[in-house]
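Trainee:
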Ligand SMILES: [Zn+2]
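Residue numbers (the working numbering): 1 to 388.
1. Taking the beta strand (DSSP E) that residue 115 falls in, what are its first and last residues?
2. Which residue comes first and which comes last in the alpha helix (DSSP H) that contains residue 163?
3. Between the Cα of residue 56 and the Cα atoms of 168, 80 and 261, which residue gives the shortest distance?
4. Might you give, ordered along the chain, the residues of its own chain that have their beta carbon closer than 6 angstroms to the beta carbon of residue 75, omitting 5 neighbours on each side?
5. So residue 98 packs on residue 64, CB below 8 angstroms; how close in whole Å?
6. So, do the stretch 174 to 192 and the stretch 87 to 104 have three or more beta carbon pairs nearer to each other than 8 angstroms?
7. Using a threshold of 8 angstroms, is the CB atom of residue 310 nearer than that to any non-hydrogen atom of ligand 1?
8. Looking only at its own chain, which residues have a Cβ that is under 7 angstroms from the Cβ of residue 102, when we skip the five neighbours before and after it?
9. Rank 236, 285 and 210 by C-alpha distance to the C-alpha of residue 254 and give the top, closest one.
10. Can you grab the Cα-Cα spacing for the pair residue 382 / residue 375, in whole Å?
11. Between which two residues does the alpha helix (DSSP H) harbouring residue 338 extend?
12. If you count every other CB in all the chains shown that lies within 10 Å of the CB of residue 331, and 16 or more means buried, which is it?
13. Thinking C-alpha only, which one of 353, 137 and 15 is nearest residue 340?
14. Does the beta carbon of residue 300 fall short of 8 angstroms from some heavy atom of ligand 1?
15. Closest to residue 42 by CA distance: which of 325, 202 and 214 is it?
16. Got a sec, what are the start and stop residues for the beta strand (DSSP E) residue 185 sits in?
17. Which one of 316, 226, 289 and 34 has the shortest CA to CA distance from residue 275?
18. Label residue 355 either buried or exposed according to how many other C-beta atoms from any shown protein chain fall within 10 Å of its C-beta, with 16 as the threshold for buried.
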């Protein structure tokens, strides 16, 4: 059993820290989230919603029920018991079917600010979410960005992830300033506690932070890389399940949406490339920025290459010359396409891009050479495995 206490709020200099103590296997631990004190009035201390969502994977992984000593949103509790826990167990057979045991259920609506927010990483999906809501009015217009340190800067957290978090924040805050929005940053020790792969757990980590701000957000948009028709129970790409998971985390105060579901990756890239504010801030790279590099993006990892190729197909690559090394792209382009075509496990996004490349009839002998080279290399590795 994991016993979760009532939330506590502490103030330290210009920060507020919201935390719960919890007990697991006889040991006592603390899960905390830290905010700028500017947002103190919007923090939910009355309910344990955020902490339950944050610790749910720990329960699913270890098979411990979650026993709550503070109230939980009745709507969230209903969704957990009727949909969410079963969905997670269905997608991942290693999870155990646990119970959430509440002390009391609350139907209070805490929301006071009646506004909307979304996470901003300056990647394709978060930009697409922002620009897709340009013409909305309150409470659907995005008035705040969030930027969380709950695993996207390093699965297991710690000082290294915290350093990348603050470095990436520079670009995020510069973009936010250009479009005249505030960024709410949240630091947390959730990664250190979960010790799980970010790729398998990111959705609940993010929503856990947003649930602390239920007084601020009437609506919160979650940017997922998927389109409606990608929906699937697939433990290799759990993002394909987001459109079921995310809305079911809504409470009486805050509604969660998976945004931009109508767009494919190429559609999203096209959408954002129509806005000049993205030209100096697009950040898609899997490698953290290293000091001394001229561009935010390494221009070598698969995400950089995929984005640059898409932008080139759309005729927009030159617009992003400040954030990508275009010479590096041109040098490696054919090798990248060869690698993409020869990939054994193709992601949905890979297949979409391949379809366009094939339609454009851009595959020449040099690309075939790299394709065959990759296939032979894989065969070699396979043989090596057999003979060892
Ligand atoms: Zn990169």
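Glycine included, every Cβ here is placed at the ideal spot set by N, Cα and C.
Mentor: In short, the structure shows the following:
1. 115 to 119
2. 158 to 178
3. 80
4. 251 and 252
5. 7 angstroms
6. no
7. no
8. 68, 72 and 77
9. The option with the nearest alpha carbon to residue 254 is 210.
10. 11 angstroms
11. 326 to 342
12. exposed
13. 353
14. Checking the Cβ of residue 300 against ligand 1 gives yes.
15. 214
16. 182 to 188
17. 316
18. exposed
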